[in-house]
Amino acid sequence: MLVKFHLTVLLTFITLTKSVASLPDFTELVDKVAPAVVKINVSFAGESQLKSQPYGGNLPDIFRELLEQQRNLRERPDRASLGSGFVISSDGYIITNHHVVDRATKIRVSFADRREFDAEMVGTDRRSDLALLKINGSDLPTLEFATENSLRVGAWVLAIGSPFGLDYSVTAGIVSAMGRSIPTDRNENYVPFIQTDVAINPGNSGGPLFDLSGKVVGINSQIYSRTGGSIGLSFAIPAQLALDVVQQLKSTGRVDRGWLGVAIQDVDQKLARSLNLKEAKGALVSAVEIDSPADLGKIMPGDVIISFNRQAVIESSDLPPLVGQVAPGARVPVKIMRDGKVKKLNIIVAALDGDQSTSEQVSKANENGDRLGLRVGDVEKLSTSDDLINGVVIQYITPRSAADIAGLRQGDVIVQLGQVRILNFTQYNKVVKEMPKNRPVAIRFLRRGTAVFRTIEIND
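So this note's numbering is basically just the index in the sequence shown, starting at one, shifted up by 90.
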């Protein structure tokens, strides 16, 4: 009996020893890559003036709280006062997050060997949360992007950054999920985030996420937390997306994205049955903008997009990143399900910013927002819906204004105030000037094709 006991203990010890031996040793990896990771100190002229926007009510609670964290961070005078980054070329090009350096008046970059440089902004891209900086240096240590999309759930990953100012801290974990769609406060989702359980905290933003070969597979961007610190939910921008953004920022200082011109939603089991679909997958088109690429390419409301540019669309959130990655002017194949049958189309993708149908007419007198706290512009032929042919589209919302409190957000189209139907900017401006104080007024607006009634009250 005693011999059996000792044999059991020995086998357990051997098993544990093998398990420990199979865990990765990060020491050589850290020695190799750490010299190219930098700490970024940012100065601002004063309180942040970022245009924080309210967001809608159709988000999961986790993403709603994540957006609230972002909003609170951006409204702090000291927000994003430090972050992380890494060198991608020996002559001094550095990547970090857009939110780390946005509206900065001075950017200072520090290396682990105590060298410091002033950095200039080459370009920044809000939609991907990436920025490209340049310092005057030579023969600098660099990092290399993983060029193949081979990262898998469960793979070991490692991060280096400066959480809470603790320089060049190293943390490790695994990939928890791929392709996470996290809407921004402007309801945009052009980044299929990598989710990890790596301990990421404030100050890690913009730092690299490595695979075991030392290649950069992602750029750490944000965390979800109830405490302000890591609880094992962090999100990184994929390397393949970052490569494209960086190349465009380096060559032109801006990022051009494809635009399709559709409003979409997920397909659940009931919708799948009603649309004669065998599977509940794809992006269901709920609205098509007139004269948009989708409209010209014969996409119709009720179609389900199942493939875009030869890549499968499983969920509706898969589509925006795929469209955004296409160069404006390119012709791409699109597969849709219509009446239970697959139909193949060819769509010429347009530019996201250049082909928006809202006019640039904005009142100079209302440069900082009108009595409602809004800057608006005319809308023309935004959809086949009669409601969307006329109205004004919200271009900016002043934080804590009447419009902000009412829950309006950028991109909403105001079609009615009180009993007056809003046809254009001139009429809207007249109605707003005549609105009473301290009395709720009904407001009807359209959000992604859906009509919403709320009340708004001026307390000036």
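The beta carbon of each residue, even a glycine, is placed where N, CA and C say it ideally should be.
1. Whose C-beta lies closer than 6 angstroms to the C-beta of Arg575 among residues of the same chain, with five residues either side of it excluded?
2. Per DSSP, which one or two residues make a beta bridge with Lys431?
3. Tell me the DSSP secondary structure of Arg204 in three-state form.
4. Between which two residues does the beta strand (DSSP E) containing Lys340 stretch?
5. Roughly how many angstroms separate the alpha carbons of Thr232 and Ile185, rounded to a whole number?
6. State the DSSP-derived secondary structure class of Lys534, mapped to helix, strand or coil.
7. So, using beta-carbon positions, are Val212 and Gly343 closer together than 8 angstroms?
8. Residue range of the alpha helix (DSSP H) that Leu409 falls in?
9. Report yes if the C-beta distance between Tyr280 and Pro411 is below 8 angstroms; otherwise report no.
10. For the beta strand (DSSP E) holding Asn310, just list the boundary residues, first then last.
11. Residues in the same chain with beta-carbon distance under 7 angstroms from Asn456, minus the five sequence neighbours each way, listed in chain order, please.
12. Leaving out the 5 sequence neighbours to the left and right, which residues in its chain are closer than 8 angstroms to Val403 when beta-carbon positions are compared?
13. Around the Cβ of Ile321, are there at least 16 other Cβ atoms within 10 angstroms (buried) or fewer (exposed)?
14. Might you give, ordered along the chain, the residues of its own chain that have their beta carbon closer than 6 angstroms to the beta carbon of Gln345, omitting 5 neighbours on each side?
15. Determine, using beta carbons only, whether Val378 and Asn399 come nearer to each other than 8 angstroms.
16. Which whole-angstrom value is the C-beta distance of Gly297 and Ile250, which I expect to be below 8 angstroms?
17. Please return the same chain residues whose Cβ sits closer than 7 angstroms to the Cβ of Ala532, not counting the five positions on each side in sequence.
18. Out of Ile225, Ser259 and Met525, state which residue places its alpha-carbon closest to the alpha-carbon of Val199.
19. Could you pull the DSSP bridge partners for Tyr183 from this structure?
20. Just tell me which of Lys433, Pro125 and Gly293 has its CA closest to the CA of Arg204.
21. In chain order, what residues of the same chain lie with their CB nearer than 8 angstroms to the CB of Ser218, ignoring the 5 residues before and after it?
22. According to DSSP, is Val123 helix, strand or coil?
23. Could you pull out every residue in the same chain whose Cβ sits closer than 7 angstroms to the Cβ of Phe254, ignoring the five residues on either side in sequence?
24. Could you give the DSSP three-state label for Glu524: helix, strand or coil?
25. Do Gly304 and Leu442 come within 8 angstroms of each other at the CB atom, strictly closer than that value?
26. Would you mind sorting Leu536 into buried or exposed? The rule is 16 or more other CB atoms within 10 Å of its CB.
27. Mind checking Met390: buried by the 16 CB within 10 Å criterion, or exposed?
28. Would you mind reading off the limits of the beta strand (DSSP E) that contains Asp356?
29. Considering only the alpha carbon of each residue, which of Val352, Leu361, Leu367 and Ser252 lies closest to Asn310?
30. When you compare only the Cα positions, how much space is there between Arg461 and Gln485?
31. What residues are listed by DSSP as bridge partners for Ile272?
32. Determine whether the beta carbon atoms of Trp246 and Leu323 lie at a separation below 8 angstroms.
33. Use the C-beta contact count for Ile130: other C-beta atoms within 10 angstroms, 16 or more gives buried, fewer gives exposed.
34. What span of residues does the beta strand (DSSP E) with Asp385 cover, start to end?
35. Grouping DSSP H, G and I as helix and E and B as strand, with all else coil, what is Glu210?
Inspection of the coordinates gives the following:
1. Only positions 91 to 550 of the chain appear in this structure, which leaves residue 575 out of reach.
2. Arg428, per the DSSP bridge assignment.
3. Looking at Arg204 - three-state DSSP - the assignment turns out to be coil, as it is neither helix nor strand.
4. Careful: Lys340 lies outside any beta strand (DSSP E), inside the alpha helix (DSSP H) at Ala329 to Thr342.
5. Straight-line Cα distance between these residues: approximately 11 angstroms.
6. Just to set this straight, residue 534 is Arg in the shown sequence, not Lys. Here Arg534 carries a strand assignment [DSSP, helix/strand/coil].
7. Yes, the pair counts as a contact, with Cβ atoms nearer than the cut-off.
8. Counted as a single uninterrupted DSSP element, the alpha helix (DSSP H) harbouring Leu409 occupies residues Leu409 to Gly414.
9. Yes, they are a contact pair.
10. Its beta strand (DSSP E) spans residues Val306 to Ile313.
11. Bear in mind that the predicted position of Asn456 carries a pLDDT of just 40, short of 50, making it too unreliable to give a figure here.
12. Around Val403, the same chain offers Lys371, Gly372, Ala373, Ile395, Ile396, Ser397, Leu409 and Leu412 as residues with beta carbons nearer than 8 angstroms, after the five sequence neighbours per side are excluded.
13. Label assigned to Ile321: exposed.
14. The displayed chain sequence assigns Val, not Gln, to residue 345. The beta carbon of Val345 lies closer than 6 angstroms to those of Asp215, Val335 and Gln338 in the same chain, with the five residues before and after it left out.
15. For Val378 and Asn399, no; Cβs fall outside 8 angstroms.
16. About 6 angstroms separates the beta carbon of Gly297 from that of Ile250, a gap short enough to meet the 8 angstroms contact definition.
17. The residues are Gly508, Phe543 and Thr545.
18. Closest option to Val199, Cα to Cα, is Ile225.
19. According to DSSP, which records beta bridges pairwise, Tyr183 is partnered with Lys224.
20. Nearest of Lys433, Pro125 and Gly293 to Arg204, Cα basis: Pro125.
21. So the list reads His188, Tyr280, Val281, Ile327, Leu331, Ala332, Val335 and Val345, once near-sequence residues are dropped.
22. Residue state, collapsed to three classes: helix.
23. Only Asn291, Pro292 and Gly293 meet the Cβ criterion.
24. The answer is helix: DSSP assigns Glu524 an H, G or I state.
25. No; because the gap between Cβ atoms is not below 8 angstroms, this pair is not in contact.
26. Classification for Leu536: buried.
27. Exposed: under 16 other Cβ atoms inside 10 Å.
28. Membership of Asp356 in the beta strand (DSSP E) is indicated by the continuous run Val352 to Asp356.
29. Checked all of Val352, Leu361, Leu367 and Ser252; the closest Cα to Asn310 is Ser252.
30. Between the alpha carbons of Arg461 and Gln485 lies a distance of about 15 angstroms.
31. For Ile272, which the question treats as bridged, DSSP gives no partner whatsoever.
32. The answer is no: Cβ separation not under 8 angstroms.
33. Ile130 comes out buried.
34. Annotation: Asp385 is outside any beta strand (DSSP E); the continuous alpha helix (DSSP H) that includes it extends over Pro383 to Leu386.
35. It is a strand residue.
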